[in-house]
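Peer 1: Below you will find the structure I want to go over with you.
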Amino acid sequence: MLSTKAISSCLAALVLALVLALVASVARADSSAVAAFGQLDIALFDLDPGDGIDPALELSQLERSGAAYQYLYPDAGWPPLREERVSGIGMAALADANGAATAVLEDQSMEGEAVSTGSGAYTALLTDSFRFTLTPYTRVVFSAVTESAVSAEAVQSALAVVTLTGQAISLGESITFESTSVRFDTGSSIVPLAIETSSSALPLSGDVALRGYAYAASVSPVPEPGPLALFLAAGVPLLVAARRRRRAEPHPRRARSPGSCRARSHLARAAGTCALVIGAAAWPGFASASSGSASIFDFTYELIDLAPDDGITPSLIFTVQSAGGTVHANRDTFLGNPWDESRALAGYGAESIIQAPGRAFVEMDADGAAAGALAWRGAFAASGRSVHDFTLTPMTHVVFSAIADLLVSHAPNNRPEASQASAGLSGEMSAAPGQRTQFSSFVSLDSPGHSRRPLAVHAITGNLAGAGTLMLDANAFAVGVSPIPEPPLRDMLLAGVLFGCALAIARRSDGVNRGRHAERAARAA
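Residue numbers (mature numbering (1 follows the signal peptide of the UniProt record, and there is no 0)): -29 to -1, 1 to 496.
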């Protein structure tokens, strides 16, 4: 039996739970986000003025659309609770007592807004994409002015993102370039975004797109009053009535059975004739191997003054520089993880794994990185990264550039033999509280061939100075499936065959000589 005092305590806890639940039903943190951008601007530069080709870009619309979504919970995934879409020019909108989402498409601009005033989450998406074809030896710079605004009452309750991205594929070479403005805290930003690419001896075709994303969700305080009140209401009577605490018995651990060892083959070694046939068939494969190498070098930058009359001389200062790399090897399996052997490089210098039947290496210096992998059998990989932290003066546009050189070699039809190489520039910069700009430009090659391509990324500050990080990356990977016997066993095989042949000839000659001596002895007798 509970005492009168205990019953009074329980009733008081229930009343408190009821009051807190009523308060929790109206407690919320409202959020909103806006993402907008103008039309796509294009600038062309002739990389070979003497070729007689005027720089030109053909641009065709792929998609121009917007969408508004409502979700029941802040972290809910697809499908949404409600959705509205619009294409071309117009507006998609949905609204109720808990919030709204709109996507507005106009001739020269697009804007998406999400507002949450009650529960759930709202999202607005924008897409303006194009297909382009670029004349040979031409550099193109795509740019757009973006705007974002966020009112976030809680961390990650609102987000505004605008991305300018592109991709091109030519003769097994994949080129990606991207710049993103992310607004994640209360405030507003006007950020120009710019990306670029260039063509070589052949025209270059690809896609470029502007995308916007606005997200807002209402977030209740943590811990939420309603669940807290229920916890108190249920916990007080239990605490009063509890006589003892049960202790959970630990569950016995299951004994792990040791892994079975790989069964070794008990097949007999091939006879001399069979070995000779296999060696003759495998001989053409000994000279070939899967290999990939990547290097990025000639790193430099260019400063552009966006406000010549402000009295500020454009400058960029590198504050911290670091470098590192890794090399990996799997000599007896094609699986990349786990690796049989791995080594790390910290700082400038070189690191390598040289083990038959392949090798991997990475080299780092102040202006770039190089990585390579070579495999007759097994998997070998290498990667290197050079990191530069920097500060940039206000109203300054900086263009970081470098040269990427890729070389890939493997037999296209000898699967799973493969190799790949990639190199790129990437990083991010913050020039305002609660806002950052991310940028990247990568080129990769996964089919046999050679590629040398200039890469560049853009970072632009406003009225405040910017602080950011730039990374130079080089990566290489190779998987080999060279015929067996492996190249290191070639000399052993040939020596054994030649020794066997010589021994057979010697025994045969010895037998013939003995027969002749016996015949002569018989005649003499």
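The beta-carbon is built from N, C-alpha and C at its ideal position, and this holds for glycine as well.
Report whether the distance from the Cβ of Pro26 to the nearest heavy atom of the ligand MN is below 6 Å.
Peer 2: You won't find the ligand MN in this model; it holds no ligand whatsoever.
Peer 1: Starting from Arg407, follow the beta strand (DSSP E) in both directions and report where the run begins and ends.
Peer 2: By 1-based counting over the sequence shown, the position of residue 407 is 436. Note, Arg407: beta strand (DSSP E), 406 to 416.
Peer 1: Roughly how many angstroms separate the alpha carbons of Arg182 and Leu96, rounded to a whole number?
Peer 2: To locate residue 182, count along the sequence shown from 1; it is residue 211. To locate residue 96, count along the sequence shown from 1; it is residue 125. If I take the Cα positions, the gap works out to 7 Å.
Peer 1: Rounding to the nearest angstrom, what Cα-Cα distance links Phe413 and Thr151 in this structure?
Peer 2: Residue 413 sits at position 442 when you count from the first residue of the sequence shown. Residue 151 sits at position 180 when you count from the first residue of the sequence shown. Computed Cα separation, rounded: 15 Å.
Peer 1: With 16 other CB atoms within 10 Å as the buried threshold, where does Ala278 fall?
Peer 2: On the sequence shown, residue 278 is found 307 positions in, with the first residue counted as 1. Label assigned to Ala278: exposed.
Peer 1: If distances are taken between C-alpha atoms only, which option among Met400, Gln409, Pro425 comes closest to Leu435?
Peer 2: Counted from its first residue, the sequence shown places residue 435 at position 464. The option with the nearest alpha carbon to Leu435 is Met400.
Peer 1: Could you check the C-alpha separation between Val57 and Val428 for me, to the nearest Å?
Peer 2: Start at 1 with the first residue of the sequence shown, and residue 57 comes out as number 86. Start at 1 with the first residue of the sequence shown, and residue 428 comes out as number 457. Using only the alpha carbons, I get a separation of about 33 Å.
Peer 1: Using a Cβ-Cβ cutoff of less than 6 Å, which residues in the same chain neighbour Asp276 once the five nearest sequence positions on both sides are dropped?
Peer 2: Taking the sequence shown and counting its residues from 1, one reaches residue 276 at position 305. Here the set comprises Pro285.
Peer 1: When burial is assigned at 16 or more other CB atoms within 10 Å of the CB, is Ala63 buried or exposed?
Peer 2: Here residue 63 refers to the residue found at position 92 of the sequence shown. It counts as buried.
Peer 1: Nearest-angstrom Cα distance between Trp310 and Leu378?
Peer 2: Indexing the sequence shown from 1 puts residue 310 at position 339. Indexing the sequence shown from 1 puts residue 378 at position 407. Trp310 and Leu378: Cα-Cα distance of roughly 24 Å.
Peer 1: Leaving out five residues on either side along the sequence, give the residues of the same chain with a beta carbon under 6 Å from the beta carbon of Ala315.
Peer 2: Numbered from 1 along the sequence shown, position 344 holds the residue referred to as residue 315. Excluding sequence neighbours, Ala315 sits near Thr297.
Peer 1: Write down every uninterrupted run of the beta strand (DSSP E) in the segment 66 to 116 whose length is 3 residues or greater and which is fully enclosed by it, in chain order.
Peer 2: You should have 70 to 76, 80 to 87, 92 to 105.
Peer 1: Would you decide whether Gly91 is buried or exposed? Buried here means 16 or more other CB atoms lie within 10 Å of its CB.
Peer 2: On the sequence shown, position 120 is the one that residue 91 refers to. It is buried - the Cβ of Gly91 has at least 16 other Cβ atoms within 10 Å.
Peer 1: Assign Ile324 to buried or exposed, taking buried as 16 or more other Cβ atoms, counted over all protein chains shown, within 10 Å of its Cβ.
Peer 2: Here the question's residue 324 lines up with position 353 in the sequence shown. Flag for Ile324 reads buried.
Peer 1: Flag this pair as yes or no: are the beta carbons of Ser262 and Ser393 separated by less than 7 Å?
Peer 2: Residue numbering aside, residue 262 sits at position 291 when the sequence shown is read from its first letter. Residue numbering aside, residue 393 sits at position 422 when the sequence shown is read from its first letter. No, the pair does not count as a contact, with Cβ atoms beyond the cut-off.
Peer 1: Hey, out of Asp46, Glu167, Leu52, Ala352, whose CA is closest to Ala39's CA?
Peer 2: Translated into positions along the sequence shown, residue 39 becomes position 68. It is Leu52.
Peer 1: Cutting at 7 Å between CB atoms, please list the residues of its own chain near Gly339, excluding the five before and the five after it.
Peer 2: Residue numbering aside, residue 339 sits at position 368 when the sequence shown is read from its first letter. The answer, listed in chain order, is Ser266, Ile267, Phe268, Phe270, Ser357, Ala373, Leu443.
Peer 1: Can the beta-carbon of residue 497 be found less than 7 Å from the beta-carbon of Val333?
Peer 2: In the structure as shown, the chain begins at -29 and stops at 496. Residue 497 is therefore absent and cannot be evaluated.
Peer 1: Do you know how far the Cα of Ala353 is from the Cα of residue 505?
Peer 2: What the structure shows of the chain is the stretch from -29 to 496, and residue 505 is not part of that stretch, so it cannot be assessed.
Peer 1: For Met366 and Gly433, I'd like the C-alpha separation in whole angstroms.
Peer 2: Numbered from 1 along the sequence shown, position 395 holds the residue referred to as residue 366. Numbered from 1 along the sequence shown, position 462 holds the residue referred to as residue 433. About 5 Å.
Peer 1: For Val116 versus Ala129, is the C-beta distance shorter than 7 Å?
Peer 2: Numbered from 1 along the sequence shown, position 145 holds the residue referred to as residue 116. Numbered from 1 along the sequence shown, position 158 holds the residue referred to as residue 129. Not a contact, by the Cβ cut-off of 7 Å.
Peer 1: DSSP three-state label for Asp280, please.
Peer 2: Working through the sequence shown from its first residue, we reach residue 280 at position 309. In the structure shown, Asp280 sits in a helix (DSSP, three-state: H, G or I).
Peer 1: Whose C-alpha, out of Gln79, Gly405, Thr106, is nearest the C-alpha of residue 502?
Peer 2: As displayed, the chain neither begins before -29 nor continues past 496, which places residue 502 out of reach and without an answer.
Peer 1: If you drop the 5 nearest sequence neighbours on each side, which residues of the same chain put their C-beta closer than 7 Å to that of Glu144?
Peer 2: On the sequence shown, residue 144 is found 173 positions in, with the first residue counted as 1. Closer than 7 Å at the Cβ level, and outside the excluded window around Glu144, lie Val414, Leu416, Ser422.
Peer 1: If you compare alpha carbons, which of Ile161, Ala350, Phe101 is closest to Gln391?
Peer 2: Residue mapping note: residue 391 aligns to position 420 of the sequence shown, counting from 1. If we check each option's Cα against that of Gln391, Ala350 comes out closest.
Peer 1: May I have the straight-line CA-CA distance separating Ala382 from Ile140, to the nearest angstrom?
Peer 2: Counting from 1 along the sequence shown, the entry for residue 382 is found at position 411. Counting from 1 along the sequence shown, the entry for residue 140 is found at position 169. The alpha-carbon atoms of Ala382 and Ile140 are separated by roughly 21 Å.
Peer 1: Rounded to whole angstroms, what is the Cα-Cα separation between Leu396 and Asp67?
Peer 2: Numbered from its first residue, the sequence shown carries residue 396 at position 425. Numbered from its first residue, the sequence shown carries residue 67 at position 96. Roughly 45 Å separates the two Cα atoms.
Peer 1: Measuring alpha carbon to alpha carbon, tell me which of Ile288, Glu29, Glu167 ends up nearest Phe410.
Peer 2: As a first step, residue 410 must be located in the sequence shown, where it is residue number 439. Ranking the options by Cα distance to Phe410, first place goes to Glu167.
Peer 1: Alpha carbon to alpha carbon, how far is Pro387 from Gln10? Give it in angstroms, no decimals.
Peer 2: Here residue 10 is taken as the residue at index 39 of the sequence shown, counted from 1. Here residue 387 is taken as the residue at index 416 of the sequence shown, counted from 1. Answer to the nearest angstrom: the Cα atoms are 45 Å apart.
Peer 1: So, for Thr290: in the same chain, excluding its five sequence neighbours on each side, which residues have a beta-carbon less than 7 Å away from its beta-carbon?
Peer 2: The residue you call residue 290 lines up with position 319 of the sequence shown. Result list for Thr290: Asp360, Phe361, Thr362, in chain order.
Peer 1: Where Leu65 and Tyr186 are concerned, what is the direct C-alpha to C-alpha distance, given to the nearest angstrom?
Peer 2: Along the sequence shown, read from residue 1 onward, the residue named residue 65 stands at position 94. Along the sequence shown, read from residue 1 onward, the residue named residue 186 stands at position 215. When rounded, the distance between both Cα atoms is 14 Å.
Peer 1: Please report the Cβ distance between Thr104 and Pro174, rounded to the nearest whole angstrom; I am assuming they are in contact, meaning their Cβ atoms lie under 8 Å.
Peer 2: As a working note, residue 104 is residue 133 in the sequence shown. As a working note, residue 174 is residue 203 in the sequence shown. That pair is a contact at about 6 Å.
Peer 1: Between which two residues does the beta strand (DSSP E) holding Asn446 run?
Peer 2: As a first step, residue 446 is located in the sequence shown; it is residue number 475 there, counting from the start. Segment 437 to 452, the beta strand (DSSP E) holding Asn446.
Peer 1: Would you report the Cα separation of Asp78 and Gly177, rounded to the nearest angstrom?
Peer 2: The residue labelled residue 78 in the question sits at position 107 within the sequence shown. The residue labelled residue 177 in the question sits at position 206 within the sequence shown. Spanning the two alpha carbons is a distance of roughly 24 Å.
Peer 1: With distances taken from CA atoms, which of Asp22, Phe448, Gly398 is nearest Glu149?
Peer 2: Walking along the sequence shown from the start, residue 149 turns up at place 178. If we check each option's Cα against that of Glu149, Gly398 comes out closest.
Peer 1: Here's a check: name, in chain order, each residue in its chain whose Cβ is nearer than 8 Å to the Cβ of Leu28, leaving out the five neighbours to either side.
Peer 2: Translated into the one-based positions of the sequence shown, residue 28 becomes position 57. The answer, listed in chain order, is Ile13, Leu15, Phe103, Thr104, Leu105, Thr106, Thr109, Val111.
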